[in-house]
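As C-alpha cells, the structure follows; a few thoughts come after it.
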Amino acid sequence: MHNFNTKNAEDLRIYQIIDANLDRAREGLRVLEDWARFGLGENDSVKRIKNFRQILGKNHLEVYKQSRNHIEDKCKGLTHQEQIKRKTSEQIISSNAGRVQEALRVIEEFSRLHNHELSKIASAIRYEIYTIEIALLSLSKFKKSEEILKENDLYVITDQKDNLIEIIEEILIAGVRIIQHRFKTGTDKDHLQEAIQIKNLCKRYNSLFIINDRVDIALASNADGIHLGQDDLDLRTARKLLGYSKIIGISANNEIDISKAIKEGCDYIGIGPVFETATKKEKKPLGIEKIKTLTKDLNIPWFAIGGVTTNNISYLKSNGFKKFALVSQLMNSKDPKEDAIMILKELSHEN
Numbered sequence: 001m002h003n004f005n006t007k008n009a010e011d012l013r014i015y016q017i018i019d020a021n022l023d024r025a026r027e028g029l030r031v032l033e034d035w036a037r038f039g040l041g042e043n044d045s046v047k048r049i050k051n052f053r054q055i056l057g058k059n060h061l062e063v064y065k066q067s068r069n070h071i072e073d074k075c076k077g078l079t080h081q082e083q084i085k086r087k088t089s090e091q092i093i094s095s096n097a098g099r100v101q102e103a104l105r106v107i108e109e110f111s112r113l114h115n116h117e118l119s120k121i122a123s124a125i126r127y128e129i130y131t132i133e134i135a136l137l138s139l140s141k142f143k144k145s146e147e148i149l150k151e152n153d154l155y156v157i158t159d160q161k162d163n164l165i166e167i168i169e170e171i172l173i174a175g176v177r178i179i180q181h182r183f184k185t186g187t188d189k190d191h192l193q194e195a196i197q198i199k200n201l202c203k204r205y206n207s208l209f210i211i212n213d214r215v216d217i218a219l220a221s222n223a224d225g226i227h228l229g230q231d232d233l234d235l236r237t238a239r240k241l242l243g244y245s246k247i248i249g250i251s252a253n254n255e256i257d258i259s260k261a262i263k264e265g266c267d268y269i270g271i272g273p274v275f276e277t278a279t280k281k282e283k284k285p286l287g288i289e290k291i292k293t294l295t296k297d298l299n300i301p302w303f304a305i306g307g308v309t310t311n312n313i314s315y316l317k318s319n320g321f322k323k324f325a326l327v328s329q330l331m332n333s334k335d336p337k338e339d340a341i342m343i344l345k346e347l348s349h350e351n
C-alpha cells in the first residue's frame, strides 16, 4: 500500500530522492538496452532490460515527479573526470550498470518509508542487473575477439625460442593479429610468466592471444582464448571453466571431429596437416582435396595448418583456402617482421 498522505518537508525531500533515482535508473537501463540491441544483437537481454525499464516507469508515480525542484538543486550539472575518461564500450557498460545498481539501492532504502512495493521491485531488479552486467561485458569481449578472428587470415603459433618475445613483437608490428602460445618444455611457472609477457604485447597491439592446451594457464594469464587438440580437455568442460567471453578453437582432421566441435560450440577450427610438417611428424597429411571436402559446409572460421609456407600460400588460395596457421615459417625466420609483412600482403591479394 502507498502512504502519501503526509506532505511535510522531509517527505518532499524523500520523494525528490526517489524521483531523481528513478530517472537515473531508467536512463542507465536505456543505455544498457541500446548496447544490447545495437551493439550486441542480444535479444534476450534487450527484452529483460526493457521490461525492467517499463516496470520502473509504471512505478514512477506522479507524486514523485511533482516533487522535482531543479531550480533550487545546487548540485545540478556536477560531473566527474572519470566520466570523460570512458573510451570503450566496456567502460560505458560498467559505469551505467553501476549507475543503475546505485540508483536502485537508493530507491530501495527510501521507498521503504512510504512505498514497500517499490522497495521490493528495486531490490529485485538490482540483483538482476548484476548478472546482466556480467553477461553484457562477457559478450562484448567475445564479440571483439570474434571480429578479430573473422577479419584476420594469418594465425601464428609460437615455438620455443630464446628470443621469442622479440620475434612476437616484430610480427605484431608487421600486422599479425592472432597469436597462439605453444609451450612444450619447462615449468608451469615459466609457462605462465612467458604467457603473461605475450598477453601484454598482444593487448598493446590489439591482437588475440590464444593459449595452446592449458586452460589453467589461459585463465591465469587472462588469455583471449584456448586452442584444444583431440586429446586435450573436452570443449564443454573448457567452456564451463572459461566462460563465454573466451574464444575456443579445436584441432580436427576428419568429419566426426569437425561435426562434434561444431555441435559443442567451438569458435574456429584448425584443420590439417595440409602437407608434411616437422611439428606434426606423426600425422599423415590430409592434402588439399580432402580438406576442401571437409570444409565445404563449414560456416565458422577455419585455418589450414601444417606445412603452410610462403611457397604454397598462393596455390592454396587458388584452391579456395582463405585462412592459414603458421609456425616454422615465422618462428625460424631471419627477419620475422618482413616475412610477416610479405605473407599478409599475399593474403590481402584477391586471386
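If you're matching positions, the sequence shown starts at 1 in full-length UniProt numbering and goes up one per residue. Just so it is clear, CB atoms sit at the ideal spot from N, CA and C, and this is done for glycine as well. The structure presented is a predicted model; accordingly, all values stated were derived computationally and were not measured.
Item to complete: Grab me the residues of Ala-238's own chain with a C-beta within less than 7 angstroms of its C-beta, minus the 5 sequence neighbours each way, in chain order.
Response: Val-215, Ile-226, Leu-228 and Ile-248
Worksheet entry | Rounded straight-line distance, which links the Cα of Glu-264 to that of Leu-241 | 15 angstroms
Worksheet item: Per DSSP, Gln-180 forms a beta bridge with which residues?
Response: Ile-157 and Ile-210
Worksheet entry | Cβ of Ile-179 within 8 angstroms of any chain B Cβ | As a matter of chain content, chain B is missing from the structure shown, which is built from one protein chain.
Practice prompt. Quick one: which unbroken alpha helix (DSSP H) runs of 4-plus residues sit fully inside the segment 232-263? Chain order, please.
Written response: 235-242 and 255-263
Item to complete: Put Met-342 into one of helix, strand or coil per three-state DSSP.
Response: helix
Worksheet entry | Close beta carbons around Ala-103, own chain, < 6 angstroms, minus the five adjacent residues each side | Asn-21, Arg-24 and Ala-25
Discussion item. Distance check for Leu-118 and Ala-218, CA to CA, integer angstroms please.
Written reply: 44 angstroms
Fill in: Distance between Gly-28 and Ile-71 (C-alpha atoms, nearest Å)
For Ile-71, the predicted structure reports a pLDDT of 45, less than 50, and the residue's modelled location is therefore unreliable. The matter cannot be settled from this model.
Item to complete: Would you mind working out which of Phe-38, Leu-32 and Arg-68 sits nearest Ile-92, comparing C-alpha positions?
Response: Closest option to Ile-92, Cα to Cα, is Leu-32.
Worksheet item: Anyone know if the C-beta pair for Leu-61 and Ile-148 falls short of 8 angstroms?
Response: Between Leu-61 and Ile-148, the gap from beta carbon to beta carbon reaches 8 angstroms or more.
Worksheet item: Where does Ile-71 fall in DSSP's three states?
Response: Reliability fails at Ile-71, whose pLDDT of 45 lies under 50, so the model's placement of it is uncertain and the value that follows must be treated cautiously. If DSSP states are grouped into helix, strand and coil, Ile-71 belongs with the helices.
Worksheet entry | Distance, Ser-138 Cα to Glu-169 Cα | 27 angstroms
Practice prompt. Quick one: which unbroken alpha helix (DSSP H) runs of 4-plus residues sit fully inside the segment 119-169? Chain order, please.
Written response: none
Discussion item. I'd like to check one pair, Phe-321 with Ala-340: are the Cβ atoms closer than 8 angstroms?
Written reply: no
Item to complete: Measure the C-alpha to C-alpha separation of Glu-90 and Arg-99 and round it to an integer number of angstroms.
Response: Going from the Cα of Glu-90 to the Cα of Arg-99 covers about 14 angstroms.
Fill in: Helix, strand or coil at Phe-303 [DSSP, three-state]
strand
Practice prompt. Apply the 10 Å Cβ neighbour rule to Arg-68 and answer buried if 16 or more other Cβ atoms are within range, or exposed otherwise.
Written response: exposed
Item to complete: Return the residue from the list Asn-115, Leu-294, Asp-224 and Arg-53 that minimises the CA-CA distance to Asp-267.
Response: Asp-224
Worksheet item: Is Ser-328 closer than 8 angstroms to Ala-261 when the C-beta atoms are compared?
Response: no
Item to complete: Name the one or two DSSP bridge partners that Ile-271 has.
Response: Bridge partners of Ile-271: Ala-252 and Ala-304.
Worksheet entry | Between the CA atoms of Arg-30 and Val-46 - distance to the nearest angstrom | 10 angstroms
Worksheet entry | Residue nearest to Ser-221 in terms of C-alpha spacing, selected from Leu-235, Gln-230 and Asp-190 | Out of Leu-235, Gln-230 and Asp-190, the CA that lies nearest to the CA of Ser-221 is found in Asp-190.
Discussion item. For a quick check, are the C-beta atoms of Ile-121 and Ile-14 less than 8 angstroms apart?
Written reply: no
Worksheet item: Sorted by chain position, which residues of the same chain lie with C-beta nearer than 6 angstroms to Pro-285's C-beta, five sequence neighbours on each side aside?
Response: Contacts found: Pro-273, Phe-275 and Glu-276.
Worksheet item: Excluding sequence positions up to five away, which residues of its chain have a Cβ less than 7 angstroms from the Cβ of Asp-257?
Response: Gln-230
Discussion item. Which residues does DSSP list as the beta-bridge partners of Ile-226?
Written reply: Ile-211 and Ile-248
Worksheet item: Hey, quick one: how far does the alpha helix (DSSP H) through Leu-29 stretch, first residue to last?
Response: 9-34
Item to complete: Give the DSSP-derived three-state secondary structure of Phe-324 in the structure shown.
Response: Strand at Phe-324.
Worksheet item: Would Asp-188 be called buried (16 or more neighbouring beta carbons within 10 Å of its own) or exposed?
Response: exposed
Worksheet entry | Under 8 angstroms between C-beta atoms of Ile-129 and Pro-336 | no
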